[in-house]
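If you're matching them up, the sequences are chains A and W in order. For the first sequence, our numbering begins at 6 and goes up steadily by one. For the second sequence, our numbering begins at 149 and goes up steadily by one.
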Amino acid sequence: MKFPISLRRKKGQNGLEAIEFGLLFLFLIPPFMWMFINGMNFLRFNKATDVSRSAALLYIKGVDFTLPGNQDIIARVATGLNLIDSESTTAQGGTSGNGLIILSTIQYIGPNTCASCVNLNKYVFIQRIYVGNKNLQLTGTTVASALGNPASGLWNTTTGAVTNTQTDTGAQVASSATGALPTAMGDGQVAYVVETFFTPQNGFGNGAFDSTGVYNRVIM
Amino acid sequence: MQTPTRKTVNRTPSRQQREGGVILFLGCLCLPVIMGMLAVSVDLSVLYSVKARLQTACDGAAVAALRSVSLGQTIASQSTAATNVANSWFRANFSNGFMGTTNTSNPPTVAVAQDNVTLLTTVDVTASTTVPTFFMKYWNAANNVITAHSQASRRNVVVTLVLDRSGSMTNANNSYNGQTPCQVMVTAAKQFTGMFQPTRDYIGLVSFAGSVYVASSPTTSFQSTLGYSNSAGSGTGLLDNISCSGGTNTPAAISIAWNENYKIQLPGALNVILLMTDGQPTAATYKFVTTAAQDPTGNAQSAFSSSSSCQDSTGKAMSASGNMVTSPRNFIGSRQQLGSTANTINLGTNSYSNWNAITGPIAAVYADGSGFYGGWPFLSPTSTLLENVGLNSTEAPGCGFNNGSWSNSPTPDIAWIPPYDLFGNATTGYITSGYTTSTLSGATRIPMNSTNLNTVIENVTDNAANWTRTNHMLPNGSTVYGGNLVFVVGLGGNGGVNHTLLQRIANDPNQSPDNGTTYSAYTGYNNAQPVGTYIYSADSSQLSAAFMKIASQILRLSK
């Protein structure tokens with residue numbers, strides 16, 4: 006049989022549990038904090054992986070991410086990560102939010118594609134599309150594609166298409182990035198690359214305790 | 149036994165002292181459990197992250213492997229190519245040591261399967277990796293093996309390339325990288341074929357100028373036939389033989405291409421026509437005697453003028469006053485490409501029934517600013533001539549276009565444009581103005597002149613495309629052959645293309661990607677038919693990308 010606590014306590018016991026709990030909690034706070042921070046990071050990392058994978062699967066199936074309606078789809082997939090898609094028909098991306106998705110179509114130019122081009126045996130951009138905040142800052146630096154960017158003069162800001170892919174060096178993928186691309190790309194073959202960047206949001210919530218962002222890359 | 153009451157609850161000070169620190173003590177006892185739960189959650193999070201990454205890598209590998217089955221001429225070599233590519237893509241997406249993983253599959257298991265009933269090619273990719281645990285190892289679980297599997301599949305496709313080899317394709321002002329548009333088109337078409345799977349997919353080639361040339365019926369050995377195998381051009385394929393000159397007989401080319409797909413009779417496959425053209429259609433193929441069913445008078449009629457002195461190769465008069473309605477003429481001559489029977493067009497086994505064994509008088513007619521001309525409707529596959537060839541004085545004695553050249557003087561022999569072309573495509577259609585009508589041969593007809601011909605050819609082309617997108621029955625009478633998917637590449641810079649017509653041919657409702665600046669949305673598209681894509685290539689430099697984009701779309705749609 007149990008009795009009301011008030012009946013079991015004596016004066017000297019008042020607050021004893023609180024003190025004990027406080028002492029115990031001193032040991033529990035660090036692991037809980039560590040758990041919380043890493044849990045949030047894991048959450049964002051896994052969410053970013055899912056977003057990248059979803060975007061890549063949609064991209065290779067021909068979804069045109071220059072269209073706001075299709076950008077909305079991927080923004081919904083990224084719910085909670087504050088990916089704000091542009092509300093106009095543009096491949097340039099917007100300037101707000103905590104996420105950026107960069108979609109690139111890459112082609113390998115071999116001798117059968119163009120035997121005497123300046124871009125022979127190079128990876129070149131066929132298309133580049135931005136969804137989200139193109140001014141996103143990660144550790145104080147504006148995020149950028151690991152593949153580099155096509156020269157602005159070759160890039161159609163509306164369709165994302167890159168012109169003169171065989172004859173202009175401005176269409177080349179950054180040489181430092183070619184090691185990250187599949188080694189078995191044959192002459193003329195294409196690869197679809199989706200890169201995602203997500204930074205912590207302001208205020209209490211997802212990422213409130215960490216300062217680093219998440220970068221994810223999927224190649225299909 | 150004493151019943152506890154308020155009075156009996158009276159603990160001694162010594163007991164109070166003994167109770168001191170009990171929560172701390174219990175908390176410490178629970179700490180391993182709490183920490184264990186935290187540890188498990190951390191390790192499970194890592195496992196989940198690795199699993200997600202591994203799944204993504206398998207997805208990428210499967211999709212890329214499915215694309216790569218084009219790199220092989222046999223099932224065995226395709227499997228080898230698929231495995232190599234899958235491993236490469238897998239490695240690009242799942243780096244060694246990702247989150248401390250070890251023993252990652254190298255290469256992942258790749259299985260390529262072909263199903264001849266469902267016409268599906270399937271690639272399965274399975275990979276595993278060992279994930280170390282950070283805390284669970286203290287509970288005798290140092291590692292966990294994670295496995296992921298992904299499958300990608302697609303239907304076989306039957307594609308006929310319909311390539312414009314008209315004279316404007318040699319426009320030097322539209323060259324790219326030292327190549328004429330014609331040469332750029334050939335290179336782009338080769339790369340296109342390199343995206344598909346030999347032994348499973350079928351690709352054929354129809355080229356056209358004023359006349360139509362079936363270079364190759366759709367075949368599974370298309371890479372070697374057309375000249376591009378395993379991402380390498382042979383230089384000796386049928387695509388390499390294309391040379392460009394002459395008019396633009398788009399409607400006949402579309403009809404013939406559809407028939408080539410129809411002959412394969414794979415209704416479960418994705419049947420596709422890819423049309424590439426750089427200008428307005430300027431030629432069509434007609435039989436100059438109408439059937440009773442097609443003629444507005446209800447009787448067969450000759451389209452030749454009464455005063456024509458035109459004859460066929462046997463010397464029979466073509467004039468309307470002759471008896472050619474009941475005594476067929478052989479205007480097509482003996483050099484027609486299709487079929488071996490003289491004076492009869494045979495489109496081959498399994499052709500659409502109404503199109504086979506067609507007798508003359510038949511000719512392709514071509515209009516330009518100065519008049520209209522007649523020529524061979526088709527070219528011989530055994531001939532080295534790949535240009536338009538006009539009827540000569542032996543095949544068409546007395547006719548205005550009988551010197552064997554399309555550049556002969558305009559013919560005065562034909563009085564009116566038949567209401568249907570050789571393949572039953574109506575001369576009338578969505579273009580309702582820009583041509584004249586007169587009462588001729590007992591009915592309201594469209595007189596034959598270059599202006600009228602140029603105008604109505606657009607209708608004929610539109611109707612030919614509509615036919616290809618419509619369901620028809622296979623010869624067995626019980627199986628529906630679905631409408632073909634039509635893709636169109638329009639090349640600018642050689643005189644201009646008709647965006648509306650090309651949108652209609654593809655049944656593409658979309659406006660141009662530049663927010664409709666180049667062309668507006670096509671609101672009249674038929675949503676009951678396959679919706680294709682029209683891609684405008686402003687100049688030759690964009691042709692390759694346009695072909696690749698269509699190849700990608702076909703491969704996506706076939707999934």
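Glycine residues also receive a C-beta, built at the ideal position from the N, C-alpha and C atoms. Since this is a predicted model, take the numbers as computed values, not measurements.
Do we get a CB-CB distance below 8 Å when we pair A/Ile65 with the residues of chain W? yes
What is the DSSP secondary structure of W/Glu543, counted as helix, strand or coil? coil
According to the neighbour-count rule (16 or more other Cβ atoms, all chains shown, within 10 Å of its Cβ), is W/Gln484 buried or exposed? Low confidence applies to W/Gln484: its pLDDT is 47, below 50, so where it sits in the model is not reliable enough to give any reading.
Counting only beta-carbon atoms, is W/Arg617 nearer than 8 Å to chain A? no
Consult DSSP for W/Leu633 and reduce its assignment to one of helix, strand or coil. strand
Alpha carbons only, please: which of W/Phe173, W/Ser197, W/Val645 is nearest the one belonging to W/Gln428? W/Val645
Along the chain, which unbroken stretches of the alpha helix (DSSP H) at least 4 residues long are found entirely within the stretch 105-175 of chain A? none
Residue-chain proximity (W/Asn614, chain A), Cβ-Cβ < 8 Å: no
Per DSSP, which one or two residues make a beta bridge with W/Ile351? W/Val307, W/Thr367
Within the same chain, show all residues whose beta-carbon is closer than 6 Å to that of A/Thr201, passing over the 5 residues directly before and after it, in chain order. Ala53, Val56, Ser57, Ile106, Asn221
Please check if any C-beta of chain A sits within less than 8 Å of the C-beta of W/Asn389. no
Would you decide whether W/Arg348 is buried or exposed? Buried here means 16 or more other CB atoms lie within 10 Å of its CB. buried
Count the CB pairs spanning the stretch 598-606 of chain W and the stretch 660-674 of chain W that are closer than 8 Å, and state whether there are at least three. no
Would you mind stating whether A/Ile65 and W/Val211 have Cβ atoms separated by less than 8 Å? yes
Suppose the cutoff is 6 Å on Cβ atoms and the five residues either side in sequence are ignored; what does the same chain contact list for A/Ile24 look like? none
Using a Cβ-Cβ distance under 8 Å, would A/Met225 count as near chain W? yes
Between W/Ala694 and the ligand FMN, is there a pair consisting of the residue's CB and a ligand heavy atom that are separated by less than 7 Å? This structure simply doesn't include the ligand FMN, nor any ligand for that matter.
Alpha carbon to alpha carbon, how far is W/Asp272 from A/Thr170? 33 Å
DSSP three-state call for A/Gly20: helix, strand or coil? coil
Less than 6 Å between C-beta atoms, sequence neighbours within five positions excluded: which residues of the same chain meet that for W/Pro444? Ala591
Can you pull the chain A neighbours of W/Gly381, defined as C-beta to C-beta under 8 Å? Asn117
Identify the residues that DSSP records as bridge partners of W/Lys435: which are they? W/Ile510
For W/Asn642, I'd like the list of residues in its chain whose CB is within less than 8 Å of its CB, leaving aside the five on either flank, ordered along the chain. Ser316, Met317, Asn319, Asn322, Pro329, Asp426, Gly427
Can you check DSSP and say which residues form a bridge with W/Thr270? W/Ala261, W/Ser301
Residues of the stretch 202-233 of chain W whose Cβ lies closer than 8 Å to any Cβ of chain A, in chain order: Gln203, Thr204, Asp207, Gly208, Val211, Ala212, Arg215, Ser216, Leu219, Asn232, Val233
Output the boundary residues of the beta strand (DSSP E) element that contains W/Arg593. 591-595
Let me know if W/Val265 comes out buried or exposed under the rule of 16 or more other beta-carbons within 10 Å of its beta-carbon. exposed
Between which two residues does the alpha helix (DSSP H) holding W/Thr341 run? 329-341
Tell whether a beta-carbon distance below 8 Å holds between W/Asn570 and W/Lys435. It is worth fixing the name first, because residue 570 of chain W is Leu in this sequence and not Asn. In contact: W/Leu570 and W/Lys435 (Cβ atoms closer than 8 Å).
Between the CA atoms of W/Thr308 and W/Arg593 - distance to the nearest angstrom: 34 Å
Amino acids of chain A, ordered along the chain, whose beta-carbon sits closer than 8 Å to that of W/Arg704: Ile65, Lys66, Gly67
What residues in the stretch 306-317 of chain W bring their beta carbon closer than 9 Å to a beta carbon of chain A? none
Using beta carbons (cut-off 8 Å, strictly below), is A/Glu200 in contact with chain W? no
So W/Pro545 and W/Gln459 are in contact, right, with Cβ under 8 Å, and what is the actual spacing, rounded? 5 Å
Limits of the alpha helix (DSSP H) - the one that W/Gly184 falls within: 170-216
Alpha helix (DSSP H) containing W/Val233: first to last residue? 223-241
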